[in-house]
Amino acid sequence: MADGSWEDALSLYTGQEPTTREQVAGSGEGHASWFAEHLVEPASRQSGPPDGWDLAVSIPWVLTDALFPPAVYYYRVGLRLSPDIGSNEGDTPLHRFMSEPIDRLYGGASDAGTDMVKLLSFDSAVMAARGVHDHLMATHELITGMARDIDVPEAELQGSAAGALKDALTGIANEFEDLAVQMTTPREFTGEIDRARSQLRDSTMALSRAYETWRNSPGAWPAQRVIHLFHQTFDPFVGRAAQTVSGAAGPVIQTPLGAPADQGFWDRMEDRAKQDWKTGVVDNLDAAARTQLPAIDGAYSTAAALIPGVTAPSWRTPDNAGTAGASPYATGADGTATGAAARAAEAARARAEEALTDGGAATGDSGLAARSFAATPGSAQADDGTAAYSDDLADTAALREQALRNAVEQAGSGALSTDGVGTGGLTATDGGTGYDGGAYPSGSLVNADGTVTAPGGGLLRNANGSPVKAPAGAYQTQQARIRRSQALEDAAKAQDKAYQEQLRRQQQSSAQSAAQQRSLEQSLQRARSSARTTGLDAHALETARSAGATLRVKQPDGSYTDYTKAAGETAAPRATRVRTSSVEPVTGAAEEAALSGRRSTASSAPATPPMGGGMSPGGAGQGQDRERKSYLDEDEDTWGTRRTGGTGVIG
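Start counting the sequence shown at 6; every next residue gets the next number (this note's numbering).
Right, here's the structure in full:
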């Protein structure tokens, strides 16, 4: 979780960990010293500071003796700085700490961006979202316009069949409109993305200005901190009258940091200089980060909260950064950093949270990857038409519970190491009179007084009957682990509650989607049942499945041809052969029109073949009369006898 430090601000702009202030000015083992070497000459006869040192001072003093005249000596001190802070060159922690903000902040504010932040990506997201929304609305208007010109006066298609087609088109258009509405529910979100982009750019520029101001100040450079502290320590001795020392006693040079002749003096000077430098980072850089990170986080969160879940993108946020309070690098009364332990605990908690969310590397298939919200092939169908969830979803709760248990166990839910006792529970040095330090039977608890309670109750005792004493700090370690375990359990409960709410919403959304799908299919089915789509001959025309349904088709000359289903007629399958009589009109022209795919109209009475004629189109051989109920021949899909310029196949 972000705490509002300068390093947290830089982490927002790249996936790589930034160089921390502790890498530059950390104290103790594992951290580089700022001092390369030093020189102390209490009684030198050479005047002036020693040569060849980065910092040097010479303090005169007078030795008086009864046998000899007074003599002037010089207390000379020299200090050489480490190359790590002596220059801002090379691959040193100081060089990285000073150069990384330039690459990350300036890159984040430019069109080029970084590997994590690109201002142009906000523009692309807005244009994509608005483009999809506009396309959906344009498609809605297009289909609505098509439906608007059907079954109205002067329209090319009229009648109940045309009305059914109009209803189907209207239903499809409404689906596009519904999708567009869903994109802006609960409200339009592209404006918030624009505002998040503006906030990101403004905050990035503010962080850049704060960095430039600090970088240009003398206190930003560790060498300047050391120089200032060195002169602050020795200048009072240089500016006053020479100290007079009698006899064999040496000069007295006692500073607030101690005597220069002691190594502790130089250790304290280095720690003081490092702490002064880190205080400057807190006052200048952390102050800017604590102001800007919450602003970025708020803008990101507001935009993300408005984006519907189905279109929600992946995004990165400072995660509640910048809460008011002391910096994790603030110092205590003793001048030591108080935030290091907090950051270490935060890193451990982050690893535990990773195990809670996806199982981590140790949990294997116990993570949430098995969760499935979609119907799988072969899955059951619910009574309401929605797809039943797969078995993976049914097992998710059990898998998640196991994953949480694994995470808690990995984080350490016990008081101490309870894997058992070492060497059979007895030490090798006392012949079996006590337990190995820190290894007790599983389930043991350390008491506040240092004794250990056995799993079955009662104090754990050595072979000689004395109570077992836990190592120093064992009780505090146990309590810390218990608190951490409780925190993990609380986090797990909160996360599981959020998951159940997400699951409920997913199920509700799936049910709504299924209902919409069923409604659309029913509309299309009604349209199919009320309009013929495979051919429009007067006999096989399927209208609204009721006698008297009509279809009016506008002809090129402006006239209308009406097709009406007579009472008592039934629709015959398209591929069924119908017996016709040899006295029926010749339909060769209609067949030709059907094959050519052109619209035809009748302008004269059909010709009649000679009685008993041969196998003319539309007729049959002698003795093979067929009953004919249509002017179309056999499997014809169009009607008419004269070819014109319009298309003839409808549907």
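C-beta: ideal position from N, C-alpha, C; glycine also.
These numbers were taken from a predicted model, which means no experiment stands behind them.
*Would you kindly work out how many angstroms separate the C-alpha atoms of arginine 509 and glutamine 500, rounded to a whole number?*
Here residue 509 corresponds to residue number 504 of the sequence shown, with the count starting at 1. Here residue 500 corresponds to residue number 495 of the sequence shown, with the count starting at 1. Spanning the two alpha carbons is a distance of roughly 14 Å.
*Where tyrosine 394 and alanine 516 are concerned, what is the direct C-alpha to C-alpha distance, given to the nearest angstrom?*
Here residue 394 corresponds to residue number 389 of the sequence shown, with the count starting at 1. Here residue 516 corresponds to residue number 511 of the sequence shown, with the count starting at 1. Below a pLDDT of 50, predicted positions are generally treated as unreliable, and tyrosine 394, at 36, falls in that range; the measurement from the model is reported next regardless. One C-alpha to the other measures close to 11 Å.
*asked:* Between the alpha carbons of glutamine 491 and serine 524, how many angstroms are there, rounded?
replied: Position 486 of the sequence shown, counting from 1, holds the residue named residue 491. Position 519 of the sequence shown, counting from 1, holds the residue named residue 524. Computed Cα separation, rounded: 49 Å.
*Sequence-distant residues of its chain with Cβ nearer than 7 Å to valine 231 (five each side left out)*: As a first step, residue 231 is located in the sequence shown; it is residue number 226 there, counting from the start. Hits under 7 Å: Trp39, Leu86 and Ala278.
*Can you name the start and end residues of the beta strand (DSSP E) that tryptophan 226 belongs to?*
Taking the first residue of the sequence shown as 1, we reach residue 226 at position 221. That residue, tryptophan 226, is in no beta strand (DSSP E); it is neither H nor E in DSSP.
*Indicate the three-state DSSP secondary structure (helix, strand or coil) for isoleucine 64 in the structure shown.*
Here residue 64 refers to the residue found at position 59 when the sequence shown is read from its first residue. Strand at isoleucine 64.
*asked:* Can you give me the C-alpha to C-alpha distance between threonine 119 and proline 106, rounded to a whole angstrom?
replied: Mapped onto the sequence shown, residue 119 falls at position 114. Mapped onto the sequence shown, residue 106 falls at position 101. If I take the Cα positions, the gap works out to 12 Å.
*asked:* So, for threonine 149: in the same chain, excluding its five sequence neighbours on each side, which residues have a beta-carbon less than 6 Å away from its beta-carbon?
replied: Locating residue 149 in the sequence shown gives position 144, counting from the first residue. Hits under 6 Å: Ala178.
*Close beta carbons around leucine 262, own chain, < 8 Å, minus the five adjacent residues each side*: Reading the sequence shown from its first residue, position 257 is the one you call residue 262. Excluding positions up to five away in sequence, the list reads Thr238, Phe270, Arg273, Met274 and Arg277.
*What residues in its chain sit with their C-beta under 8 Å from that of tryptophan 66, if we drop five residues either side in the sequence?*
By one-based count along the sequence shown, residue 66 stands at place 61. Contacts found: Val77, Tyr78, Tyr79, Tyr80, Ala247, Gln248, Thr249, Val250 and Pro256.
*Let me know the alpha helix (DSSP H) ranges lying completely inside the segment 61-130, each 4 residues or longer, listed in chain order.*
The DSSP assignment places 88-91 and 98-114 as complete runs of the alpha helix (DSSP H) inside the segment 61-130, in order along the chain (cut-off: 4 residues).
_Given proline 472 as reference, the closest of Lys502, Tyr445, Asp495 and Leu493 once Cα atoms are compared_ = For the purposes of this step, residue 472 is identified with residue 467 of the sequence shown, where counting begins at 1. Comparing Cα-Cα distances from proline 472 to each of Lys502, Tyr445, Asp495 and Leu493, the minimum goes to Tyr445.
*First and last residue of the beta strand (DSSP E) that includes valine 45?*
Taking the first residue of the sequence shown as 1, we reach residue 45 at position 40. Segment 40-49, the beta strand (DSSP E) holding valine 45.
*Taking 8 Å as the threshold, find out whether the segment 115-134 comes into contact with the segment 49-57 through three or more Cβ pairs.*
no
*Identify, in the order they occur along the chain, each residue of the same chain with its Cβ nearer than 7 Å to the Cβ of glycine 657, setting aside the five sequence neighbours on each side.*
Coverage of the chain is limited to positions 6 through 656, which leaves residue 657 absent and any answer about it impossible.
*asked:* What does DSSP give as the partner residue(s) for serine 251 in the beta ladder?
replied: Mapped onto the sequence shown, residue 251 falls at position 246. DSSP lists Thr69 as the beta-bridge partner residues of serine 251.
*Would you call the CB atoms of alanine 211 and alanine 117 closer than 9 Å?*
Stepping through the sequence shown from its first residue, residue 211 is reached at position 206. Stepping through the sequence shown from its first residue, residue 117 is reached at position 112. Taking 9 Å as the Cβ cut-off, alanine 211 and alanine 117 do not qualify as a contacting pair.
*Whose C-alpha, out of Gln28, Leu184, Leu84 and Ala304, is nearest the C-alpha of serine 518?*
As a first step, residue 518 must be located in the sequence shown, where it is residue number 513. Ranking the options by Cα distance to serine 518, first place goes to Leu184.
*Of the listed residues Asp154, Gly91 and Val82, nearest to glutamine 51 (C-alpha basis)*: Here residue 51 refers to the residue found at position 46 when the sequence shown is read from its first residue. Cα-wise, what sits closest to glutamine 51 is Val82.
*Quick one: grab the DSSP three-state call for glycine 461.*
Taking the sequence shown and counting its residues from 1, one reaches residue 461 at position 456. Glycine 461: coil per DSSP, three-state reduction.
_Neighbour-count burial assignment, serine 208, 16 or more Cβ in a 10 Å radius_ = Within the sequence shown, residue 208 is the residue found at index 203, counting from 1. Serine 208 comes out buried.
*In whole angstroms, what is the alpha-carbon distance linking histidine 236 and aspartate 70?*
The residue given as residue 236 occupies position 231 in the sequence shown. The residue given as residue 70 occupies position 65 in the sequence shown. Here the C-alpha atom of histidine 236 lies approximately 32 Å from the C-alpha atom of aspartate 70.
*DSSP-derived helix/strand/coil call for leucine 212*: Against the sequence shown, residue 212 aligns to sequence position 207. Leucine 212 falls in the helix class under three-state DSSP.
_Applying the 10 Å Cβ sphere with the 16-neighbour rule, what's the burial state of lysine 283?_
Looking up residue 283 in the sequence shown gives position 278. Its Cβ being crowded by 16 or more others within 10 Å, lysine 283 is buried.
*So, alanine 48 versus leucine 68, is the Cβ gap smaller than 9 Å?*
The sequence position of residue 48 within the sequence shown is 43, counting from 1. The sequence position of residue 68 within the sequence shown is 63, counting from 1. Going by C-beta atoms, alanine 48 is nearer than 9 Å to leucine 68.
*Buried or exposed: where does alanine 477 fall if 16 or more other Cβ atoms within 10 Å of its Cβ makes it buried?*
Numbered from 1 along the sequence shown, position 472 holds the residue referred to as residue 477. With fewer than 16 other Cβ atoms within 10 Å, it is exposed.
*Kindly identify the DSSP beta-bridge partner or partners of arginine 206.*
The count along the sequence shown starts at 1 and reaches residue 206 at position 201. None; arginine 206 has no bridge partner.
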